[in-house]
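Chains as they are written, first to last, in the working numbering: chain P, 48 to 182; chain U, 48 to 182.
2 protein chains.
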Amino acid sequence: MQTLSIGELAERSGVASQAIRYYEKEKLMPAPERTEANYRRYPLDAVARLQFIVHAKQWGFTLDEIRELLILQDANGDRAQAKRIAAEKLHKIREQIKHLSRIEAVLSKTLDECAGEGPMQEGCPIVEAIAEQGE
Amino acid sequence: MQTLSIGELAERSGVASQAIRYYEKEKLMPAPERTEANYRRYPLDAVARLQFIVHAKQWGFTLDEIRELLILQDANGDRAQAKRIAAEKLHKIREQIKHLSRIEAVLSKTLDECAGEGPMQEGCPIVEAIAEQGE
DNA sequence: CTTGACCTTAAAGTTGACTTGAAGGTTATC
DNA sequence: GATAACCTTCAAGTCAACTTTAAGGTCAAG
Numbered sequence: 048m049q050t051l052s053i054g055e056l057a058e059r060s061g062v063a064s065q066a067i068r069y070y071e072k073e074k075l076m077p078a079p080e081r082t083e084a085n086y087r088r089y090p091l092d093a094v095a096r097l098q099f100i101v102h103a104k105q106w107g108f109t110l111d112e113i114r115e116l117l118i119l120q121d122a123n124g125d126r127a128q129a130k131r132i133a134a135e136k137l138h139k140i141r142e143q144i145k146h147l148s149r150i151e152a153v154l155s156k157t158l159d160e161c162a163g164e165g166p167m168q169e170g171c172p173i174v175e176a177i178a179e180q181g182e
Numbered sequence: 048m049q050t051l052s053i054g055e056l057a058e059r060s061g062v063a064s065q066a067i068r069y070y071e072k073e074k075l076m077p078a079p080e081r082t083e084a085n086y087r088r089y090p091l092d093a094v095a096r097l098q099f100i101v102h103a104k105q106w107g108f109t110l111d112e113i114r115e116l117l118i119l120q121d122a123n124g125d126r127a128q129a130k131r132i133a134a135e136k137l138h139k140i141r142e143q144i145k146h147l148s149r150i151e152a153v154l155s156k157t158l159d160e161c162a163g164e165g166p167m168q169e170g171c172p173i174v175e176a177i178a179e180q181g182e
């Protein structure tokens, strides 16, 4: 069976060697076999596992959440739990979108109203909008 | 003229004393007068300045950006610069919304498709959706 | 047989926005 | 006049997710 050194795994997965060691310490990656000289040797499917981590991160999952999902996979866990984790994340994401959208609305309205000319003296609409409410 | 101790200011503004000292160190709050015993005494309008900071933070401005805005105010600076800072922030917020919306779309679709039953064995749609693309 | 590229560990540094702790001075109250 | 509730400074700790540094072992090439 072909195996990979940590450097080769890093290259194939796009994840730095040190980050891979960090994931091992954080129990996201299982501790791999070692050579006689104590070098890590990874099975080929380690690449897929790392890419799962990378993708989940891009989706906004934290390492803690990703660990939960990986444990479920490893343990052949309950699908309902995976659904719960994802549903919680979806809820958080929707909250974030709501929050940002409120800001976007006020900020873009404010920018439209502001000519962007003259000194700040009294009544720069941008500054006033922030000072007044801000949420 | 009435002045406030740092504790009174903290209470009125809802910002912890230590955070106020931190803002002073970071040049968001000006260094106030001191009593003979070296205690800080704040003018009443320090409350409004702190609330500006709090609101701007809620809007997602970083302390660096808030400092820029405050410097503009303090210097009676150019309104066009305030507009530029706000426009940059608006752009970043829109990017964040776009990013989150893409995630939201895929995640909610995935959750709809997943019955949330049975073991993870092969083909939990949530795990697969993350593994496959992730952006 | 030496140079350099790779590997090992453990510890410290990074970023942002603070919080917590240590060690001590001041002021208000009993 | 002592106790508690303030205030002072400076340093260190927190969180996440790493990166950087240090000090050293291993392996392939020439």
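We put the CB at the ideal spot given by N, CA and C, even for glycine.
- Message: Run through chain U and tell me which residues come within less than 8 Å of residue 134 of chain P, C-beta to C-beta.
- Response: Counted from its first residue, the first sequence places residue 134 of chain P at position 87. Here the neighbours are 158.
- Tell me, please, whether the CB atom of residue 51 of chain P is closer than 7 Å to any CB atom in chain U? For the purposes of this step, residue 51 of chain P is taken as residue 4 along the first sequence, with counting starting at 1. It does not: the Cβ of residue 51 of chain P has no partner Cβ on chain U nearer than 7 Å.
- For the beta strand (DSSP E) holding residue 172 of chain P, just list the boundary residues, first then last. As a first step, residue 172 of chain P is located in the first sequence; it is residue number 125 there, counting from the start. Here residue 172 of chain P belongs to no beta strand (DSSP E); instead the alpha helix (DSSP H) covers 172-179.
- Item | Residue-level contact to chain P via CB, residue 60 of chain U, 7 Å cutoff | For the purposes of this step, residue 60 of chain U is taken as the residue at position 13 of the second sequence. It does not; no Cβ of chain P falls within 7 Å.
- Query: What separation, rounded to the nearest whole angstrom, lies between the Cα atoms of residue 67 of chain U and residue 53 of chain U?
  - Reply: If you number the second sequence from 1, residue 67 of chain U lands on position 20. If you number the second sequence from 1, residue 53 of chain U lands on position 6. Going from the Cα of residue 67 of chain U to the Cα of residue 53 of chain U covers about 8 Å.
- Item | Cβ neighbour criterion (16 or more within 10 Å) applied to residue 130 of chain P | In the first sequence, counting from the first residue as 1, residue 130 of chain P sits at position 83. Under this definition residue 130 of chain P is a buried residue.
- Using the rule of at least 16 other Cβ atoms within 10 Å of the residue's Cβ for burial, across every protein chain shown, is residue 145 of chain P buried or exposed? Walking along the first sequence from the start, residue 145 of chain P turns up at place 98. By the 10 Å Cβ count, residue 145 of chain P comes out exposed.
- Three or more C-beta pairs below 8 Å linking the region 134-143 of chain P and the region 154-164 of chain U: yes
- With DSSP collapsed to three states, give me the class of residue 70 of chain P. Position 23 of the first sequence holds residue 70 of chain P. Note: residue 70 of chain P maps to helix in three-state DSSP.
- Could you please give the first and the last residue of the uninterrupted beta strand (DSSP E) stretch that includes residue 90 of chain P? Numbered from 1 along the first sequence, position 43 holds the residue referred to as residue 90 of chain P. From DSSP, the beta strand (DSSP E) with residue 90 of chain P extends over 87-90.
- Item | Of the listed residues P:84, P:128, P:173 and P:117, nearest to residue 99 of chain P (C-alpha basis) | In the first sequence, the residue the question calls residue 99 of chain P occupies position 52. It is P:117 whose Cα lies nearest to the Cα of residue 99 of chain P.
- Task: Report yes or no: is there a C-beta of chain U within less than 7 Å of the C-beta of residue 102 of chain P?
- Result: Locating residue 102 of chain P in the first sequence gives position 55, counting from the first residue. Yes, residue 102 of chain P counts as interfacial toward chain U.
- Message: I'd like the list of long-range same chain contacts for residue 120 of chain U, defined as Cβ closer than 7 Å, with 5 residues on each side in sequence excluded.
- Response: Residue numbering aside, residue 120 of chain U sits at position 73 when the second sequence is read from its first letter. Taken in chain order, the list of residues that qualify is empty.
- Integer-rounded CB distance, given that residue 150 of chain U should sit under 8 Å from residue 150 of chain P: Locating residue 150 of chain P in the first sequence gives position 103, counting from the first residue. Locating residue 150 of chain U in the second sequence gives position 103, counting from the first residue. Their Cβ separation, rounded to whole angstroms, is 18 Å, which puts residue 150 of chain P and residue 150 of chain U out of contact at 8 Å.
- Task: Consider the Cβ of residue 137 of chain P: report whether some Cβ of chain U lies at a distance smaller than 7 Å.
- Result: One-based indexing of the first sequence puts residue 137 of chain P at position 90. Closer than 7 Å to some Cβ of chain U, the Cβ of residue 137 of chain P qualifies, so yes.
- Exposed or buried, which one is residue 91 of chain U when buried takes at least 16 other CB atoms within 10 Å? Here residue 91 of chain U corresponds to residue number 44 of the second sequence, with the count starting at 1. Exposed, because fewer than 16 other Cβ atoms sit within 10 Å of the Cβ of residue 91 of chain U.
- Task: Please classify residue 95 of chain P: is it buried, with 16 or more other beta-carbons within 10 angstroms of its beta-carbon, or exposed?
- Result: As a position in the first sequence, residue 95 of chain P is number 48, starting the count at 1. Under this definition residue 95 of chain P is an exposed residue.
- Determine which residues share a DSSP beta bridge with residue 81 of chain U and list them. For this step, residue 81 of chain U is matched to residue 34 along the second sequence. According to DSSP, which records beta bridges pairwise, residue 81 of chain U is partnered with U:87.
- In chain P, what lies closer than 7 Å to residue 174 of chain U by C-beta? Indexing the second sequence from 1 puts residue 174 of chain U at position 127. Here the neighbours are 116, 120 and 129.
- Task: Keeping to the same chain, check which residues put their C-beta closer than 7 Å to that of residue 82 of chain U; ignore five residues upstream and five downstream.
- Result: Counting from 1 along the second sequence, the entry for residue 82 of chain U is found at position 35. Correct list, in chain order: 88.
- Would DSSP call residue 154 of chain P helix, strand or coil? Looking up residue 154 of chain P in the first sequence gives position 107. It is helical.
- Return the Cβ separation of residue 178 of chain U and residue 157 of chain U in integer angstroms, given the expectation that the two are a contact with Cβ distance under 8 Å. By 1-based counting over the second sequence, the position of residue 178 of chain U is 131. By 1-based counting over the second sequence, the position of residue 157 of chain U is 110. Not really, about 12 Å apart at Cβ, beyond 8 Å.
- Task: Entirely within the region 93-148 of chain P and at least 4 residues each: give me those alpha helix (DSSP H) ranges in chain order.
- Result: 93-105 and 110-121
- Query: Leaving out five residues before and five after residue 173 of chain U in sequence, what residues of the same chain have Cβ atoms less than 6 Å from its Cβ?
  - Reply: In the second sequence, counting from the first residue as 1, residue 173 of chain U sits at position 126. Once the five neighbours on either side are set aside, the close Cβ partners of residue 173 of chain U are 157 and 161.
- Query: So with Cβ pairs under 7 Å, would you call residue 65 of chain U a contact of chain P?
  - Reply: Mapped onto the second sequence, residue 65 of chain U falls at position 18. Judged by the 7 Å Cβ criterion, residue 65 of chain U is not in contact with chain P.
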